[in-house]
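Numbering (the working numbering), first residue to last: 13 to 337. Here is the structure we will look at.
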Amino acid sequence: MILVTGGAGYIGSHTIKALLERGYRVVALDNLSVGHREFVLCEDFVQADLLDRAALERVFEKYPIRSVIHFAARTAVGESVENPEIYYYNNVVGTLNLLSAMRAHGVDEIVFSSSAAVYGDPEVLPIPEDHPKRPKSPYGKTKLMMEEILSDYSHAYRIKYVALRYFNAAGSDPEGEIGEWHDPETHLIPIVLEAAYGIRDHVEIFGTDYPTPDGTCIRDFIHVVDLAEAHVLALEKMREGKANTAYNLGTGVGHSVREVIEACKKVTGRDFKVVDGPRRPGDPPALVADPTKAKRELGWEPRYTDLEEIISTAWAWMRKLYSRR
Ligand code: UDP
Numbered sequence: 013m014i015l016v017t018g019g020a021g022y023i024g025s026h027t028i029k030a031l032l033e034r035g036y037r038v039v040a041l042d043n044l045s046v047g048h049r050e051f052v053l054c055e056d057f058v059q060a061d062l063l064d065r066a067a068l069e070r071v072f073e074k075y076p077i078r079s080v081i082h083f084a085a086r087t088a089v090g091e092s093v094e095n096p097e098i099y100y101y102n103n104v105v106g107t108l109n110l111l112s113a114m115r116a117h118g119v120d121e122i123v124f125s126s127s128a129a130v131y132g133d134p135e136v137l138p139i140p141e142d143h144p145k146r147p148k149s150p151y152g153k154t155k156l157m158m159e160e161i162l163s164d165y166s167h168a169y170r171i172k173y174v175a176l177r178y179f180n181a182a183g184s185d186p187e188g189e190i191g192e193w194h195d196p197e198t199h200l201i202p203i204v205l206e207a208a209y210g211i212r213d214h215v216e217i218f219g220t221d222y223p224t225p226d227g228t229c230i231r232d233f234i235h236v237v238d239l240a241e242a243h244v245l246a247l248e249k250m251r252e253g254k255a256n257t258a259y260n261l262g263t264g265v266g267h268s269v270r271e272v273i274e275a276c277k278k279v280t281g282r283d284f285k286v287v288d289g290p291r292r293p294g295d296p297p298a299l300v301a302d303p304t305k306a307k308r309e310l311g312w313e314p315r316y317t318d319l320e321e322i323i324s325t326a327w328a329w330m331r332k333l334y335s336r337r
C-alpha cells in the first residue's frame with residue numbers, strides 16, 4: 013500500500029488517481045488545511061497533521077504501507093516570507109516526523125514533492141539538476157532542506173528517495189473529476205481564466221520590464237497529469253534500484269506571461285481587461301527546466317506539450333467548478 017501525504021491537494025489528488033489507475037492500493041493523509049476531501053479518490057483517507065506524531069503512528073500501525081509519496085506542505089512563496097515559522101514547522105518538522113514514523117515501521121521508500129524554487133535565480137537556462145541551489149524564499153529553503161535531510165537519511169539509515177522538482181504545475185484532470193482549486197488563488201493560469209469567466213475584473217501582469225523578449229516573466233508550464241505520471245514512474249524505478257536522486261519536471265519550453273494571457277483568450281474565446289503592473293518581489297525573469305534526466309532515467313515523456321491544450325483542461329475544470337458553487 014502507498015501512503016500519499018497531502019492527498020487532498022492539487023498534485024497529490026491527481027497522483028492518487030494515476031496510482032489507482034495502475035492498480036496500486038492507496039491511503040491518503042491530509043490535514044485539509046487547503047486540500048479538498050472530495051478530491052481524494054481512494055477509499056482510505058485519514059485526516060491528520062504531520063505535526064501530530066501519535067496520529068502518524070496510528071496510520072503506520074493500521075495500514076500495510078510499503079512506500080510513501082510525500083506532498084503535504086505549505087506552498088505559498090509570499091506567505092512563507094511573511095510567516096516563515098509555519099513553513100519550517102509544517103514542511104521541515106512535518107517531514108522529520110514522517111521519516112521517524114517510516115523508520116519505526118521499516119518503511120524505506122519515499123518519493124518527495126520538491127520544487128524549482130530550490131534553484132533561486134537561474135544562472136543558465138534551461139536549468140539542469142546540478143544547477144547551484146540558492147532558494148530565495150523560506151518556502152524554497154524548506155524544499156531544499158527536506159531534500160538534504162532525505163540525502164543524509166539515505167546514507168545513514170538506508171532509506172531510498174527520489175525528489176521531483178516541479179516547474180509550474182498547470183491544467184486539470186482531463187476527465188474533470190478533480191482539478192486545481194486554491195483559495196485564495198495566486199497562480200497565473202487560474203487567475204487569467206477567472207478573468208475570462210467574469211469573476212475577476214482584470215488580470216494584472218507583474219512586471220513588464222524583464223530582460224525577456226516581451227518584457228514579462230517566462231515559465232515552464234507542466235500538466236498536472238504529466239506530474240502525476242512522473243510520480244508513478246519514480247516509484248517504480250526506485251523499486252528497481254534507481255534512487256537517491258532528484259529530477260526536474262518541466263516541458264523544457266518556456267512561455268511568457270503575455271503568451272499565457274493570449275493563449276487563454278484564444279482557448280476561452282473571451283476578452284478581458286489586462287493591466288500592466290509592477291514586478292512581484294522574488295520572481296526570477298525566466299524559469300525553464302532541462303528535463304533530459306527524467307526522460308532518460310525515468311522514461312518520462314510529458315503528453316501535454318501544447319500550452320493551449322493545457323489551458324483547455326484548466327478551463328473545462330473551472331467552468332465545472334464555478335457552475336457547481
Ligand atoms: N503572474 C502575473 N499576474 C498574476 C499572477 C502571476 O503576472 O496575477 C506572473 C508571476 O509574476 C510569474 C508568473 O505569472 O512571473 C507565474 O506565477 P505563478 O504564481 O503562477 O507561479 P510561480 O512561477 O510563482 O511559481
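Every residue, glycine too, gets a C-beta built ideally from N, C-alpha and C.
Check	Outcome
Identity of the residue in Y334, D185, G47, A326 nearest E33 by Cα	D185
Closest by C-alpha distance to E189, when choosing among N260, E321, P202, A328	A328
Buried or exposed by the 16-neighbour rule on C-beta atoms within 10 Å, applied to S335	exposed
Proximity to Y165 [Cα-Cα], best of V71, N180, L111, K145	L111
Beta-carbon separation (whole angstroms), V174 vs A113, contact threshold 8 Å	About 19 Å separates the two Cβ atoms, so there is no contact after all.
Neighbour-count burial assignment, H267, 16 or more Cβ in a 10 Å radius	buried
Simplified DSSP assignment, three categories, for E187	coil
For E91, the nearest candidate out of P150, I161, I230, T228 (CA to CA)	P150
Cβ neighbours of V287 in the same chain (closer than 6 Å, five flanking residues each side left out)	H214, E216
Nearest-angstrom Cα separation, counted from P293 out to V89	10 Å
Candidates Y22, V123, A258, N109, of which the one nearest R70 by Cα	N109
Touching by the beta-carbon criterion (3+ pairs, under 8 Å), the region 187 to 202 and the region 130 to 146	no
Nonlocal neighbours in the same chain, by C-beta distance under 8 Å from L319, ignoring five residues either side	F233, H267, E271, V272, A275
I14 beta carbon less than 7 Å from that of V38	yes
Three-state secondary structure assigned by DSSP to L137	coil
Distance cut-off 6 Å: L205 Cβ against heavy atoms of the ligand SAH	With respect to the ligand SAH, the structure offers nothing, as its ligand set consists of the ligand UDP.
Reduced DSSP secondary structure (H/G/I, E/B, other) of F51	helix
Residue span of the beta strand (DSSP E) that contains V286, given as start and end	285 to 289
L239 vs Y178 beta-carbon contact at 7 Å	yes
Identity of the residues DSSP links to D302 by a beta bridge	Partner(s): none; D302 has no beta bridge.
Identified DSSP bridge partners for I14	V38, S79
Contiguous beta strand (DSSP E) assignments of at least 3 residues, all confined to the region 156 to 244	172 to 178, 180 to 182, 214 to 218, 233 to 235
Sequence-distant residues of its chain with Cβ nearer than 6 Å to P140 (five each side left out)	D302
F218: CB within 6 Å of a non-hydrogen atom of the ligand UDP	yes
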